[in-house]
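S.K.:
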DNA sequence: CAACTAACTTGCATATTGCAAGTGATATTT
DNA sequence: AAATATCACTTGCAATATGCAAGTTAGTTG
């Protein structure tokens, strides 16, 4: 079981240690889906549009849970379904995610609308507050349904 | 030459696209070293303390340059030496880096001092301004020499 | 010009990923 | 109640990426 088999910490730098937890091609996409798209289940992540393989998805969910970034519980109304959710530690990645989003939208060809991005840069604090509110109230209606289509305040 | 051989974009999401550029275990560490540790050359990165292999380092430098995040030029005083430097696009990753640093320091066992981290959280804007100033003025004295040992304002 | 150094390459063993198919535990349908 | 479907994974295997040690090349120093 290749889970925590490599405890060799590269350095004491917080950036380095953070990257050991979620510095790969997939982890942050799962976190994004939990944070702003309202996805909760294995199947939903799988069909999220990024094309992650099921074995990798299972592995990342396991690692993120081991790292205390997400947690999981069986859905009451359906015993097969697992519901994943960000922990406090996980939702605290919101600022990282937001800055990543802003950088990408500014410097790469993306599917995000300029006007919306401008608004996000102006209102970082408001957006972060909204993300945290949704997390706390378990409000899983998507904040950013796919990409570029933000619903914040009045649409 | 495995450089831009995989142009399959996973989705139009800015986060996803950003991760395609530097979402691996090493790229952000190189960027960190350029941004706050004042490292410039291949050898310095290699001896940076994280233990990156030379082939991987060469590959990442090539990719980051291809992505427009860093640039390189031959040192005038020594023709063998290449000097790497962040571009504007690269220095714009400072907010991502800072949030990554803050998250890691808060949620993981790291070598960072609490008092300093508290200060960083309070003064995000000032720190970012300082990082940008150093970049603009090509001031490469390290802002964070190793880890946990910050020099900001008066020591 | 001989020794040295910086920045890479190369070869090869190992680890990680992607893909397709399969499994087992519920749930739903007939 | 039996058959079928769904969900969350596993497994096997080929392809890719990584880690490590040992070159190679070009420029520099003595």
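Protein chains in written order, with the working numbering: chain A, 1471 to 1625; chain B, 1471 to 1625.
Just so it is clear, CB atoms sit at the ideal spot from N, CA and C, and this is done for glycine as well.
1) Residue 1504/B bridges to which residues according to DSSP?
2) With 8 Å set as the bound, which would you pick, yes or no: does the beta-carbon of residue 1574/A sit closer than that to a beta-carbon of chain B?
3) With a threshold of 8 Å between beta carbons, is residue 1567/A in contact with chain B?
4) Taking the C-alpha atoms as reference points, what is the distance between residue 1506/A and residue 1573/B?
5) So, using beta-carbon positions, are residue 1560/B and residue 1540/B closer together than 8 Å?
6) Per DSSP, what kind of secondary structure is residue 1604/B in: helix, strand or coil?
7) Please classify residue 1488/B: does DSSP put it in a helix, a strand, or coil?
8) Using DSSP's beta-bridge definition, name the partner residues of residue 1542/B.
9) Pull up the distance between the alpha-carbon of residue 1512/A and that of residue 1555/B, whole angstroms please.
10) Whole angstroms are fine: how far does the CA of residue 1567/B sit from the CA of residue 1483/A?
11) Between 1611/B, 1494/B and 1605/B, which lies nearest to residue 1526/B when the distance is taken from Cα to Cα?
12) If you draw a straight line from the alpha carbon of residue 1498/B to that of residue 1587/B, how long is it in whole angstroms?
13) Only counting the same chain, and skipping five residues up and downstream in sequence, which positions put a Cβ closer than 7 Å to that of residue 1537/A?
14) Determine the contact status of residue 1575/A and residue 1601/A, defining contact as a CB-CB distance below 8 Å.
15) Taking the CB atoms as reference points, tell me whether residue 1519/A and residue 1481/B lie closer together than 8 Å.
16) Does residue 1529/A come within less than 8 Å of chain B when only Cβ atoms are used?
17) Looking only at its chain, what residues have a beta carbon closer than 8 Å to the beta carbon of residue 1528/A, apart from the 5 residues adjacent to it on each side?
18) From residue 1550/B to residue 1543/B, what distance separates their C-alpha atoms?
19) For residue 1589/B, which residues in the same chain have their Cβ closer than 6 Å to its Cβ, ignoring the five residues on either side in sequence?
20) Just to confirm, does residue 1525/A get its C-beta within under 7 Å of one of the non-hydrogen atoms of the ligand ATP?
M.R.: In this structure, then:
1) In the DSSP output, where bridge partners are listed per residue, residue 1504/B has none listed.
2) yes
3) Output row for residue 1567/A: interface = yes.
4) 19 Å
5) yes
6) helix
7) helix
8) 1554/B
9) 41 Å
10) 12 Å
11) 1494/B
12) 20 Å
13) Once the five neighbours on either side are set aside, the close Cβ partners of residue 1537/A are 1491.
14) no
15) yes
16) Residue 1529/A has a beta carbon lying at 8 Å or more from every beta carbon in chain B.
17) 1512
18) 11 Å
19) Contacts found: none.
20) Absent from the structure shown: the ligand ATP. Ligands present: none.
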